[in-house]
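Peer 1: Just so you know, the working numbering puts 112 at position 112 of the sequence shown, and the rest follows in order with no gaps.
Yeah, the Cβ is synthetic: ideal placement off N, Cα and C, and Gly gets one too.
Let me give you the structure first, and then I'll get to my questions.
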Amino acid sequence: MTNRDIMVATVLGLCFGCSTPTTTEKLNLTIPKSYLASKTQYPISIDGLANEAAWNDTKWTDLFMDIQGPNLDTPYYDTRVKMLWDMDYLYIYAKMEDEHVWGDIEQRDAVIFYNNDFEVFIKPNEFQPYYVEFEINALGTLWDLFLARPYRRNGPVLDEWDVKGTKIGIDIQGTLNNPTDIDDGWSLELAIPIAPINAIDRGHTFGEGSIWRVNFSRVQWDYQLNGNTYEKKTDNNGRRLPENNWVWSPQMAIDMHRPEHWGYVFFIDNPVDSTKNTYLDQSMTSAYQLLFHLYRKQLALQNNTSNKLGSFLVNEDSNFEVNGYFYDAEFLPTNLGFEIILEDRSGTKLSINQDGYIRSSYEK
1 MTNRDIMVAT
11 VLGLCFGCST
21 PTTTEKLNLT
31 IPKSYLASKT
41 QYPISIDGLA
51 NEAAWNDTKW
61 TDLFMDIQGP
71 NLDTPYYDTR
81 VKMLWDMDYL
91 YIYAKMEDEH
101 VWGDIEQRDA
111 VIFYNNDFEV
121 FIKPNEFQPY
131 YVEFEINALG
141 TLWDLFLARP
151 YRRNGPVLDE
161 WDVKGTKIGI
171 DIQGTLNNPT
181 DIDDGWSLEL
191 AIPIAPINAI
201 DRGHTFGEGS
211 IWRVNFSRVQ
221 WDYQLNGNTY
231 EKKTDNNGRR
241 LPENNWVWSP
251 QMAIDMHRPE
261 HWGYVFFIDN
271 PVDSTKNTYL
281 DQSMTSAYQL
291 LFHLYRKQLA
301 LQNNTSNKLG
311 SFLVNEDSNF
321 EVNGYFYDAE
331 FLPTNLGFEI
341 ILEDRSGTKL
351 SINQDGYIRS
361 SYEK
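Laid out in structure tokens, this is it:
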């Protein structure tokens, strides 16, 4: 496994035109979840049942939590996931508790989260801004899309981008669209072709040792009945209640389009037989989170001022301690926007520009 594969990033402080810092700002930033995905040697039938031996030997993720983090209320239904892979597909099995399984969207590439749904976000290279999204409801209707950049940078969204060969299997433990009974839930089995995802990871070939940034989201609407038809619940004034957003790796905001918070999926060869359950370098992951912490602050500053390119985040506390690790930070204005550079105690650097492109001396 290369340094690039096991990486994350480092953080540089923000100090432009200010004196030598004399203090260190201490931050406790959340480290994303991680998962070891084993390579399967046997065929997987995509039927929503996951009754193959390979699935039985595969570990579950942690139960999903509120999108804003573990300090929010625990979801009232359990959701958890397993992952496997081979050179053709990433296999995902999601099991969702639900007493009333319902949905009505049947058109491909419609906005699926208007129903209860399960969502997959994949970024095959965390140094580049490109990523993909899949949304599936209980009818097995799919919306897949490609994003060149997150919405915070007005990235173009390609709805017409279809991952040909995607396989979906749904199993409902109960009935669909029947409010007269109580269901146990529904499960989803998904086979996502590797080749089109790897194609957007410029300069790297997929295989054992690869690392993808991945997160999962479950959108769950509270419901009310209109006759025998489910519909989204409203308040006393007829306003629709907001959806519940439950995720694997916390986003720390109601926003799935912050890829820096997505989990790390490590592709390994053998069934999960490691004595540890993660390959994360805590120093590098802390640096990566600091980098994006500063990046989001800079974007917020520019979005709230009329002088976009002339607004610089200046902070005399350009030394940072994150989760026990120390970094220096520097902010540089550029012709196109800005660059934030981070350096750790060993001299290793990580930087990000205004569009989310990352350079790192960690990457080999």
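#1: Taking buried to mean at least 16 other C-beta atoms within 10 Å of its own C-beta, is residue 120 buried or exposed?
#2: Just verifying my parser: in three-state terms, what is the DSSP assignment at residue 297?
#3: Can you tell me whether residue 333 is helix, strand or coil according to DSSP?
#4: What alpha helix (DSSP H) runs, 4 residues minimum, are completely inside the segment 36-81?
#5: Going by DSSP in three states, residue 260 sits in which element: helix, strand or coil?
#6: List, from N- to C-terminal side, the alpha helix (DSSP H) runs of 4 residues or more that fit wholly inside the segment 169-255.
#7: Would you decide whether residue 188 is buried or exposed? Buried here means 16 or more other CB atoms lie within 10 Å of its CB.
#8: Rounding to the nearest angstrom, what Cα-Cα distance links residue 21 and residue 68 in this structure?
#9: Between 260, 250 and 303, which has its C-alpha nearest residue 62's C-alpha?
#10: Pick helix, strand or coil for residue 316, following the three-state DSSP scheme.
#11: Give me, in chain order, the residues of the same chain whose beta-carbon lies closer than 6 angstroms to that of residue 91; leave out the 5 immediate sequence neighbours on both sides.
#12: Quick one: what's residue 161 bridged to in DSSP?
#13: Would residue 259 pass as a contact of residue 198 if the rule is Cβ separation under 8 angstroms?
#14: Please classify residue 302 as buried or exposed, where buried requires at least 16 neighbouring CB atoms within 10 angstroms.
#15: Just to confirm my understanding: we take residue 320, look at its own chain, exclude 5 residues before and 5 after, and list those with CB closer than 8 angstroms. What are they?
#16: In whole angstroms, what separates the C-alpha of residue 257 from that of residue 299?
#17: Alpha carbon to alpha carbon, how far is residue 202 from residue 345?
#18: Going straight from the alpha carbon of residue 206 to that of residue 128, what length do you get?
#19: Taking 8 angstroms as the threshold (C-beta atoms), are residue 343 and residue 332 in contact?
#20: Who are the near neighbours of residue 347 in its chain, counting only those whose CB is closer than 6 angstroms to its CB and skipping five residues on each side?
#21: To which residues of the same chain is residue 353 closer than 6 angstroms at the C-beta, ignoring the five residues directly before and after it?
#22: If we call anything under 8 angstroms between Cβ atoms a contact, is residue 147 one with residue 140?
#23: Which residue's Cα is closest to the Cα of residue 87: 180, 280, 269 and 222?
#24: What is the residue span of the beta strand (DSSP E) that residue 359 lies within?
#25: With residue 126 as the anchor, note down where its beta strand (DSSP E) starts and where it stops.
#26: Using C-beta distances below 7 angstroms, list every residue in its chain close to residue 29, excluding the 5 sequence neighbours before and after it, in chain order.
Peer 2: Let's see:
#1: Buried: at least 16 other Cβ atoms inside 10 Å.
#2: helix
#3: strand
#4: 53-56
#5: In the structure shown, residue 260 sits in a helix (DSSP, three-state: H, G or I).
#6: If we require 4 residues or more, the alpha helix (DSSP H) runs fully inside the segment 169-255 come out as 194-198.
#7: buried
#8: The predicted model places residue 21 with a pLDDT of 46, which falls under 50 and marks its position as unreliable; any figure quoted below should be read in that light. C-alpha separation (whole angstroms): 32 angstroms.
#9: 250
#10: Reliability fails at residue 316, whose pLDDT of 45 lies under 50, so the model's placement of it is uncertain and the value that follows must be treated cautiously. Note: residue 316 maps to coil in three-state DSSP.
#11: 44, 84 and 191
#12: Paired residue(s): none; residue 161 is not in a bridge.
#13: In this structure, residue 198 does not lie closer than 8 angstroms to residue 259 by Cβ.
#14: buried
#15: 11, 13, 24, 25, 26, 27, 290, 326, 327, 328 and 329
#16: 14 angstroms
#17: 30 angstroms
#18: So the two alpha carbons sit approximately 16 angstroms from each other.
#19: no
#20: none
#21: 339
#22: no
#23: Selection 180, 280, 269 and 222 evaluated against residue 87 yields 269 as nearest (Cα-Cα).
#24: Taken as a continuous stretch (DSSP letters only), the beta strand (DSSP E) holding residue 359 covers 358-360.
#25: Run containing residue 126: none; DSSP gives neither H nor E here.
#26: 286, 289, 290, 293, 322 and 323
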